[in-house]
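Taken in order, these protein sequences are the chains called L and U. For the first sequence, position 21 matches number 226 in the working numbering, and the numbering has no gaps at all. For the second sequence, position 67 matches number 272 in the working numbering, and the numbering has no gaps at all. One structure is given here, and the rest of the page talks about it.
2 protein chains.
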Amino acid sequence: MDAYEAVFSALAHPARRRILMTLNFERGSMSAGAIAGVFEHSWATTSRHLRVLEDAKLIRSESDGRNRIYYIEYKRFDLLRDWLAWFSEGTGGTK
Amino acid sequence: MDAYEAVFSALAHPARRRILMTLNFERGSMSAGAIAGVFEHSWATTSRHLRVLEDAKLIRSESDGRNRIYYIEYKRFDLLRDWLAWFSEGTGGTK
DNA sequence: AATAAATTTAGCACATAAGCTAAATAAAAA
DNA sequence: TTTTTATTTAGCTTATGTGCTAAATTTATT
């Protein structure tokens, strides 16, 4: 699948944007449980949001014993920055 | 509705991102018909995509006789830039 | 006034997304 | 080795989004 498609649709859900904000606020890494603890949703629902974000490569994970630690993939946000660059006023579509 | 919600969900659909790209390529303004002409979709479908983009304030329109001209709202993209700024590597969430 | 052109709105059908609970896995602790 | 803790997967239901065609609306032309 297209990278833009994955990233933009991952960002379309407010819960997923909040997950990214939360992770970032905690300096980039948190366990699945710690993330789920922040949300109203069931743990299973949050888990699926995490999978969507991971498929979009906006986060990555490692398992650590019985925990799973999620990390923000800061580099991936450059995809968005590049896309946005097309819309810099005055450039007429030129990066 | 939340501005982020409107903008991110507007950007979630590939046809809408293409509309923005097309408009930008044409230096920011086009008639509804010219936009619809670029797409495979029915005119009615494209018209609804335009409405979603307009509700998100990513575009704006004026009617000109029996045509409707759409303009990119370049300033609106700053909302995205500001959001992205939270995820600048090394800033630890500080703008 | 009647017709034509440009565009949107309405209404319907289908697909995808999102929420839940319950069951499955996997590793740690007892 | 049984139980507990952490997390994901499966299956189901409901909500939302998207596409279509047909009808409505609006302005220009004849």
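Positions of the beta carbon are idealized from the N, C-alpha and C atoms, including for glycine.
Within chain U, the residues that residue i reaches when beta carbons sit closer than 9 Å
i              : result
L289 (chain L) : F282, L285, R286 and L289
Y209 (chain L) : P219 and R222
Within chain L, partners of residue i - CB distance below 8 Å
i              : result
S214 (chain U) : A217
For residue i: DSSP bridge partner residues
i              : result
E267 (chain U) : U:I274
Y247 (chain U) : Looking at the sequence shown, residue 247 (chain U) is not Tyr but Ser. S247 (chain U) is not bridged to any residue.
S236 (chain L) : L:I274
With 16 other Cβ atoms within 10 Å as the buried cut-off, status of residue i
i              : result
T250 (chain L) : exposed
H246 (chain L) : exposed
E208 (chain U) : The sequence as given places Ala at residue 208 (chain U); Glu does not occur at that position. A208 (chain U) comes out exposed.
N229 (chain L) : buried
R271 (chain U) : exposed
W288 (chain L) : buried
Contacts of residue i in chain U (Cβ-Cβ under 7 Å)
i              : result
M235 (chain L) : Going along chain U, no residue has its Cβ under 7 Å from M235 (chain L), so there is no contact; the nearest lies around 13 Å.
Given residue i as reference, the closest of the options once Cα atoms are compared
i              : options                   : result
Y275 (chain L) : L:L289, L:F292 and L:E231 : L:E231
S234 (chain U) : U:E267, U:W291 and U:K280 : U:E267
L331 (chain U) : L:I277, L:A211 and L:F292 : In the structure as shown, chain U begins at 206 and stops at 300. Residue 331 (chain U) is therefore absent and cannot be evaluated.
Three or more beta-carbon pairs under 8 Å between the stretch 252 to 267 of chain U and the stretch 215 to 230 of chain U, yes or no? Taking a cut-off of 8 Å for Cβ pairs, the stretch 252 to 267 of chain U and the stretch 215 to 230 of chain U touch, as three or more such pairs fall below it.
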